[in-house]
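These notes are about the structure you will find just below.
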Amino acid sequence: MSQLLKVAGGLALLYQLVGSRVSGAILDRFTYDLAGIRRQDIAMRIEAGRVLATIDIRLFLKQTLGPDIRLTAVSLNFSQQGGYLGNIRANQNVLLPNARTVEVPLRLRVPAGSFLIHLQRLLEGGRGAALAPIDISGSLFLSNGRELPVRLTMNFFSFS
């Protein structure tokens, strides 16, 4: 059994190394980043009897593959300190010209919880605080059939 586990572990490691080299050929041709969140990007509302926050997020993408391609879909998960915040699942049709940065607007819907209560206190002002970072993971889907993995951490520092 021990040998079987070693072989399985070795195969998994090999898969990761080979997979990262293959995907690296496309990944080093893309850069992405998020703009900071401003107060006007956050809204609270009630939908279907539940309190929700909507957070407008601006994703910046730049590709240097050569020909223009399109972003066709976005699938991102947001978590904070291991707790699920929300996700973005959206079909997009955004042209990504070669060597130019393009802004892709997205909207995150966050259900009520301790995160929203803390965020509301910050936005009401009167004190300075730092929020735990938000981890973002998922994929961007391109018109050439490629999937671009996304791994970001959004750090919050808000001083009111």
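The sequence shown runs 3 to 162 under this note's numbering.
C-beta: ideal position from N, C-alpha, C; glycine also.
Pull up the CB-CB distance for residue i and residue j, whole angstroms please, since I reckon it's below 8 Å.
i      : j      : result
Leu67  : Val106 : About 17 Å separates the two Cβ atoms, so there is no contact after all.
Leu154 : Val76  : Not a contact, Cβ separation roughly 13 Å.
Leu108 : Ile59  : 5 Å
Leu73  : Leu98  : 6 Å
Ile136 : Gln94  : At roughly 21 Å, the Cβ-Cβ gap does not stay under 8 Å, so Ile136 and Gln94 are not in contact.
Arg91  : Thr56  : Their Cβ separation, rounded to whole angstroms, is 15 Å, which puts Arg91 and Thr56 out of contact at 8 Å.
Leu54  : Pro151 : That pair is no contact at about 28 Å.
DSSP on residue i, reduced to helix/strand/coil?
i      : result
Ser162 : Because the pLDDT of Ser162 is 43, which lies under 50, any placement of that residue in the model is unreliable, and the number read from its coordinates should be weighed accordingly. Here Ser162 sits in coil by DSSP.
Gln170 : Nothing can be reported for residue 170, as the shown portion of the chain is limited to 3 through 162.
Arg52  : strand
Asp43  : helix
Gln83  : coil
Ser4   : Reliability fails at Ser4, whose pLDDT of 42 lies under 50, so the model's placement of it is uncertain and no value is given.
Arg91  : strand
Ala37  : coil
Arg148 : coil
Arg31  : coil
Arg23  : Because Arg23 sits at a pLDDT of 35, beneath the cut-off of 50, its placement in the model cannot be relied upon, and the point is left open.
Arg129 : For Arg129, the predicted structure reports a pLDDT of 48, less than 50, and the residue's modelled location is therefore unreliable. A value from the coordinates is still provided. If DSSP states are grouped into helix, strand and coil, Arg129 belongs with coil.
Taking the beta strand (DSSP E) that residue i belongs to, which residues open and close that run?
i      : result
Arg102 : Run containing Arg102: none; DSSP gives neither H nor E here.
Asp137 : 136–144
Let me check one thing: in DSSP terms, what residues is residue i bridge-paired to?
i      : result
Leu108 : Ile59
Using a beta-carbon distance below 8 Å, is residue i in contact with chain D?
i      : result
Leu108 : Among the chains in the structure shown there is no chain D, since it carries only a single protein chain.
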